[in-house]
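Read the structure below first, then the notes.
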């Protein structure tokens, strides 16, 4: 057994424990040190993921791999954790002596996410999924004194438990059919002469359980409430990393296990994708709270990315990874802008964003770039990301899906542009003094905007890297 | 000629100026205007230069530049122009140059205004110069948000409604066109039907023999998608609101250039690659074009607001472009291509003059005016010139392409063409009627002391009016260039013959 397969997982767990120790040892007034340590730690992990990613596996009797695809997803999670840490640097001050725990939980959740990307065995997958979700629940409820945050935490834990139950129910059927939890063994039953119907039944429940994690319609109900109630950096982490983890699992399971179950399961995925695009985009229109709006937008984006999963090819997975990456940077930009602004205005309502451009052109510009990327307007990255996804769909001959996705992206433009209008065209209400943003947030904002534009203008090198890694 | 890199210069100038402008303090108005003017001058000079260096004898693209972009997907950032696109590049740079002068005295947030305008213009240049379908499409999309912001911040008359309507109409259109592009890409990539590798290069696409049934639907997607931009009846509803609400410079760009993106894309991609699809839908286009020309001319007749008259007149005139496309012969298509240039100059001048009156009088209601010629003799004279151009008076350039379209149209759709010709009469009525009610008649004392155009205001009028006059007298060289440019497209059309949906 080559333990280097687990390099990154071990690294993240060690970071979590280091943070735990630091949090215990540091005096109450110096808890900020944990934030510094977390930022350095996640940064180091990111470097390590390129410099010493470890062996490809398989590890532990084929229960775990660290192949190119898994590694790419892990890099996305680490990047997400790193950016969210920078974003939460100042924000976490409000947690006072709990500040350390915030980053500890993030580190352990990260271990869970990596597990979801690397698992090739349903039991490992389940454990990883819980390892990811439980810290996220606590993070959601982290603002102890805020009613909405606590409410969001309770909702999340209940619905998360329900989705786990669904997943476990499905797994029991898969185990019943194959006598094993390994993806390979289950896939073998499907191609062989075993009791196939049994496995298909289980597979549908597994799909439902994972759809909950990526917030695909009709398993999306939790996300707007929880996105709204959670502290903004946690919302960003949920929207970006936890969704990416769901896709990491789906990208491995769907082609190997679910697609061979027959065309019916693919139809289910197409249904999930279409409903997510339609419901997500239409429901975003009447929203007045920016976090809820971004929650519905992220439901819609799950729909677009599910299209890349549905085609079940390596090129499709590459397109999903690219889209996740641009979705990550755009969302980090948007949520950082929201965080910075709510610090000033004390509100998450879209109407409170009026005149942002005038009060801080920099913040406004970054927010606009992020929204344009989500809307799919070039030169921001969203356009080329959608192109990568939809080209794979078109190659399958499903032009109506392409048409639906394009129609829905026109709908989405309506609400993104409404926000842009509030930022640019409307005059500030009341206070119109210019505002200053902390330098660290500025760095995060600038990095996200530059990355968004670069991913849109020079997509070639990144896409080639992703394709090479996936093989 | 390739050593000069004219095309990159034309397109980089506005983008670079926009980037530099971001770092200029908003209070430095002279610097901001100077930067915009510098970019416009560079683009205009290089475009004019390219026009003179263009070799009418060579077929195909000239001044070609190639920058690899997304090699694994067969997409490349290639630039090049031919007799179809070079005049439109020149048109854009002329209107851009004129537009900078029109907005010279803008007081409200000039920095942002010019940044967005520069981005818009850069995007338009990109559309006309790209020789890769996806890049071309990307540049159309790049221009979307600047247009929205420009209308909703600096506009007038229900600006927010108009801006959103404009944006959504155009985006819905381009979404449909994009679906068409995906279909093309998937078809080309198919080893049995197409080339076996994906590409959007216009040159590579020529190697593909598209199946007639596929052509039918792909052409329809492109026709409807890009037709919104033209606009083709009944998808024109955004135009009067959008063009009237926009600030003057942007109205000039929207009517002068943006509408042409649609016509250009239909000729370049629709006619160029799907001749059989075009032949199938041609009768339908011809009928809709006739409705454009005649019906919208009547709509223009009953408008109370001067700017709405001009906006509707634009739709009516773009009908000739569609009629030329539908007739599918060398004469009519070259007429359509030249009409895009002629109408662009004319519409820009029209909007510039209406803008001048509005800036001074703060109203555009025809009924409020009367006898303005007494106070604004120069504006009045210029208005007459552009009005006569609009109704197709020989001696002004607009006559030439319209006449060419009629000539070509007669060969294919004689009845519809004859009906369309009658629009000239309707145009004469509304143009002269507006002119009479606004500039003549009893002088309204309310406008006593209204200043005539002077200083920088004269520059765009002289530039645009001069082009109409000069080309009106000497259209030969220009028309040769256009018909040379469309020759390869027309060759493919001739092989198809006629037929169609009705």
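Chains as they are written, first to last, in the numbering used here: chain A, 20 to 490; chain B, 3 to 504. Beta carbons: idealized from backbone N, C-alpha and C, even for Gly.
Within chain B, the residues that residue i reaches when beta carbons sit closer than 9 Å
| i | result |
| --- | --- |
| residue 386 of chain A | Within 9 Å Cβ-Cβ: nothing; residue 386 of chain A doesn't reach chain B, min ~13 Å. |
| residue 296 of chain A | Neighbours of residue 296 of chain A on chain B: none; closest Cβ ~13 Å, over 9 Å. |
| residue 482 of chain A | 72, 74 and 75 |
Counterpart residues of residue i in DSSP-defined beta bridges
| i | result |
| --- | --- |
| residue 81 of chain B | B:67 and B:132 |
| residue 78 of chain A | A:83 |
| residue 138 of chain A | A:83 |
| residue 308 of chain A | A:368 |
| residue 367 of chain B | B:307 |
| residue 201 of chain A | A:140 |
| residue 203 of chain B | B:134 |
Buried or exposed by the 16-neighbour rule on C-beta atoms within 10 Å, applied to residue i
| i | result |
| --- | --- |
| residue 69 of chain B | exposed |
| residue 245 of chain B | buried |
| residue 455 of chain B | buried |
| residue 269 of chain B | buried |
| residue 262 of chain B | buried |
| residue 3 of chain B | Confidence in residue 3 of chain B is poor, its pLDDT being 47 and thus under 50, which makes the residue's placement unreliable; the coordinate value appears in the next sentence. Label assigned to residue 3 of chain B: exposed. |
| residue 199 of chain B | exposed |
| residue 397 of chain A | buried |
| residue 294 of chain B | buried |
| residue 59 of chain B | exposed |
| residue 326 of chain A | buried |
| residue 30 of chain A | buried |
| residue 122 of chain B | buried |
| residue 453 of chain B | exposed |
| residue 72 of chain B | buried |
Cβ-Cβ distance between residue i and residue j below 8 Å
| i | j | result |
| --- | --- | --- |
| residue 161 of chain A | residue 259 of chain A | no |
| residue 87 of chain B | residue 141 of chain B | no |
| residue 221 of chain A | residue 196 of chain A | yes |
| residue 418 of chain A | residue 177 of chain B | no |
| residue 84 of chain A | residue 76 of chain A | yes |
| residue 126 of chain B | residue 94 of chain B | yes |
| residue 128 of chain B | residue 144 of chain B | yes |
| residue 342 of chain B | residue 227 of chain B | no |
| residue 89 of chain A | residue 137 of chain A | yes |
| residue 152 of chain B | residue 248 of chain B | yes |
| residue 206 of chain A | residue 276 of chain A | yes |
| residue 313 of chain B | residue 418 of chain B | no |
| residue 367 of chain B | residue 400 of chain B | no |
| residue 401 of chain A | residue 394 of chain A | yes |
Endpoints, the alpha helix (DSSP H) within which residue i is located
| i | result |
| --- | --- |
| residue 75 of chain B | Careful: residue 75 of chain B lies outside any alpha helix (DSSP H) and carries neither H nor E. |
| residue 29 of chain B | Note, residue 29 of chain B: premise wrong, no alpha helix (DSSP H); not H, not E. |
| residue 337 of chain B | 332–363 |
| residue 300 of chain A | 282–303 |
| residue 175 of chain B | 161–191 |
| residue 240 of chain A | Element bounds for residue 240 of chain A: n/a, residue is neither H nor E. |
| residue 438 of chain B | 425–441 |
| residue 434 of chain A | 418–443 |
| residue 111 of chain B | Premise fails: residue 111 of chain B is in no alpha helix (DSSP H) and is neither H nor E. |
Under 7 Å from the C-beta of residue i: neighbouring residues of chain B
| i | result |
| --- | --- |
| residue 402 of chain A | 140 and 143 |
| residue 433 of chain A | 170 |
| residue 425 of chain A | 177, 180 and 181 |
| residue 422 of chain A | 181 |
Within chain B, the residues that residue i reaches when beta carbons sit closer than 8 Å
| i | result |
| --- | --- |
| residue 428 of chain A | 177 |
| residue 396 of chain A | 143, 144, 146 and 147 |
Per-residue contacts from residue i into chain A (C-beta, under 8 Å)
| i | result |
| --- | --- |
| residue 73 of chain B | 479 |
| residue 23 of chain B | Per Cβ cutoff of 8 Å: no residues; residue 23 of chain B is ~12 Å from chain A at best. |
| residue 191 of chain B | 414 |
| residue 173 of chain B | 429 and 432 |
| residue 188 of chain B | 410, 413, 414, 416 and 418 |
Where residue i meets chain A, residues with beta-carbon distance less than 7 Å
| i | result |
| --- | --- |
| residue 154 of chain B | 440 and 444 |
Chain A residues whose Cβ lies nearer than 9 Å to that of residue i
| i | result |
| --- | --- |
| residue 131 of chain B | Simply none; closest approach about 16 Å. |
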